[in-house]
Structure formats: structure tokens, C-alpha cells
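Numbering (the numbering used here), first residue to last: 529 to 869.
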């Protein structure tokens, strides 16, 4: 399988965990790791990761990217690059397809089952829904963040797949902002249009893919052994966890961690949260110790992905959602905080 991901030296700890997790669940894969600074490139290049290809920013950054880079924040520019790095990997390495994966994800079972699903359904590209809980806040959340998530997105190297990829790239070059009144929400809101205007856009149905803080209330831990984690989705559907998206996990001053997961309305399985986050946090801390000892590299807090986001509430439903979210964060949000021991 062919994957690509994108990050800078302040996300290299998570990128290493992503790579290691793929190595644990499969053997035949290649991860194209696009680095946004020389520090990340030099460290990864020195590590000689067997199943990885390391690409420096100057190799994939074309004139159009250089131009928009002048006017965008670090996070906005990273999002702008997403379709461009997928395109670069497919064309430069002559791939039949490439799957973009976010660097802050971890795989718990082989994603080959997802590739098989997409192929069987004859999808030229694939998307995964956020799967927000079915409550009155869902509409506002989809309006703010989009129906689909940029996290595991396959593009086939055929006419239709490349047409969609080129369309996305052009749109991201036009706008990739989170500022007030902007409709793009980085690179993500554009995905809403794909099933409407393009053919063979397949939405992954495997509920073990795309488990994340924004849909954690719909999952409960059923069983766990050394090889797999079994979940129950919406109180009925049993699934094997394929990957979890640790978006929003924030290390503060090297002493305090904000999980950013106890922010949703509905029951949250503490056992599942502890199982996933305790191990992931240990792996991040171990990676940081290794990077400091081996390369004298210290991870800085990455630029907040909510920077510049002043969401504009435009109706009663949006206002209610805001009040509910604020109330939840005040009452249950304290469970997000962990102290590094």
C-alpha cells in the first residue's frame, strides 16, 4: 500500500509513531513522508526507515505554493500543501494510487481492509465522514467542520481520480483559511462537494476507521488483546479499530497534557480513552526523549489548528450549540487534563 503524510519538525514525534504503527500491522507498504523543514528531513533521512521515502520541502514546493506561502499561517500552508503532496507522490513515483494520512493518527489493525472495500465498490477516491453524533448539534458541527474529514483519503491515478485531485489542489491554492466567514475550513470543507459533482467518490463504511475525539461518544470498548481492539458503534455494530485520530492532543509546557476529548455531548467510555491515550502519550514522550538524546531536537508546541478561527454563529441552533459546548467544557472538560509524571 502507498501512503503519504505531511508535517514539520514539531510533529515529527507523532509522525514516527504513525510510521511505527503501520510497521506493526503490515509489512508491504511505503510511506512517503513530506517534511516542511530541514530539521525533520535530516532526522528522518538519518534514521533510514525501511518502508519510508523522505521528501524535503524544496523538492515538492512549486511556484504556486511558494506564492501563497507568503500570505498564510504555518497551519494554513500545511493544509494548502495536502493535495499537492498527494499529486507529487502519484506523479513522481508513478503510483497507481496514494492514500493521504494525517501524521497524528495511529493504526491498530491493517488498513488493507479499507483498500479492499474501496476497490470492491469501484471508488476512484475515498472519503470518511466525521460521524458526528445524531443530535441537534450535528448540523452546526458539519457547517463548521464539514461532513467529511481529511485523514484517510485515497486518490487513484486515473482520469477521474486525478481530475478530482487537481480540482482540490486549485481550490486549496485559492483559499485554505479558518478565518471568520471563510467557507473552506482549511482543506476540508471542499470535500462536501465531491459526492455531488464527481463520479466514483466512495465513502468508507468501515466504522473502525476514523474513530476520533469528535465521534468518541458513539464508541464503546468491547474487548482488547495484543493484536486488536474491538469496539461497539452506536450500541449495535461491532467493529475492529483500524485507526484512531489523536487530533487536538496538546502538550503544555512539558508538564501538562490536554487530551481535548471530553468536549462532546454524550457518554464517553473512560476505559477506551485511557487505553488509547495512555499508550499514545507514553510513545510520544519516548519519541521526544529519543529525539533530544540522539539529535538534540526539542519539540515545540505546534501552531494551534484553531488559530484565526472566529466561528460566526448565524442562528438560534448555532447559538444553542455554542452554549452547550461551552457548558460541557466547563463541567466535563477538567477530565481532559493530565499531568506528566
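Just so it is clear, CB atoms sit at the ideal spot from N, CA and C, and this is done for glycine as well.
Here the structure is a predicted model, which is why all the values come from computation and not from measurement.
- With contact defined as three or more Cβ pairs closer than 8 Å, the segment 647-664 and the segment 601-619 are not in contact.
- Counting C-beta pairs with one atom in each stretch, the segment 535-554 and the segment 811-818 have three or more that are closer than 8 Å, which means they touch.
- For residue 570, the uninterrupted alpha helix (DSSP H) segment begins and ends at 566-575.
- Scanning the segment 651-736 from its first residue to its last, the whole beta strand (DSSP E) runs of 3-plus residues come out as 653-657, 680-684, 729-731.
- In this structure residue 716 is buried. Its beta-carbon is surrounded by 16 or more other beta-carbon atoms within 10 angstroms.
- Contact annotation, residue 777 with residue 787: C-beta distance approximately 6 Å; criterion of less than 8 Å satisfied.
- Annotated as distal: residue 782 and residue 720, with beta-carbon spacing of 8 Å or more.
- Around the Cβ of residue 534, a 10 Å sphere holds 16 or more other Cβ atoms; the residue is buried.
- Judged by DSSP in its simplified three-state form, residue 580 adopts strand.
- When the alpha-carbon of residue 669 is set against those of 742, 642, 688, the nearest one is in 742.
- Counting along the chain, no alpha helix (DSSP H) covers residue 792, and no H or E run does either.
- Here the alpha carbons of residue 606 and residue 599 stand approximately 13 Å from one another.
- In the DSSP assignment, residue 627 falls within the unbroken beta strand (DSSP E) covering 625-629.
- For residue 751, the uninterrupted beta strand (DSSP E) run begins and ends at 747-752, by DSSP.
- If the five residues before and after residue 543 are omitted, its C-beta is found closer than 7 Å to the C-beta atoms of 533, 535, 561, 631, all from its own chain and listed in chain order.
- For residue 802, the three-state secondary structure derived from DSSP is helix.
- Listed in chain order, the non-local C-beta contacts of residue 758 below 8 Å within the same chain comprise 749, 750, 751, 752, 766, 767, 768, 769, local neighbours out to five positions each way being set aside.
- Take the alpha-carbon of residue 697 and the one of residue 789: they are about 31 Å apart.
- Counted as a single uninterrupted DSSP element, the stretch harbouring residue 777 is not any beta strand (DSSP E), since DSSP gives it neither H nor E.
- Beyond the five residues adjoining it in sequence on each side, residue 553 comes within less than 8 Å, by CB distance, of 635, 636, 637, 638, 639 in the same chain, given in chain order.
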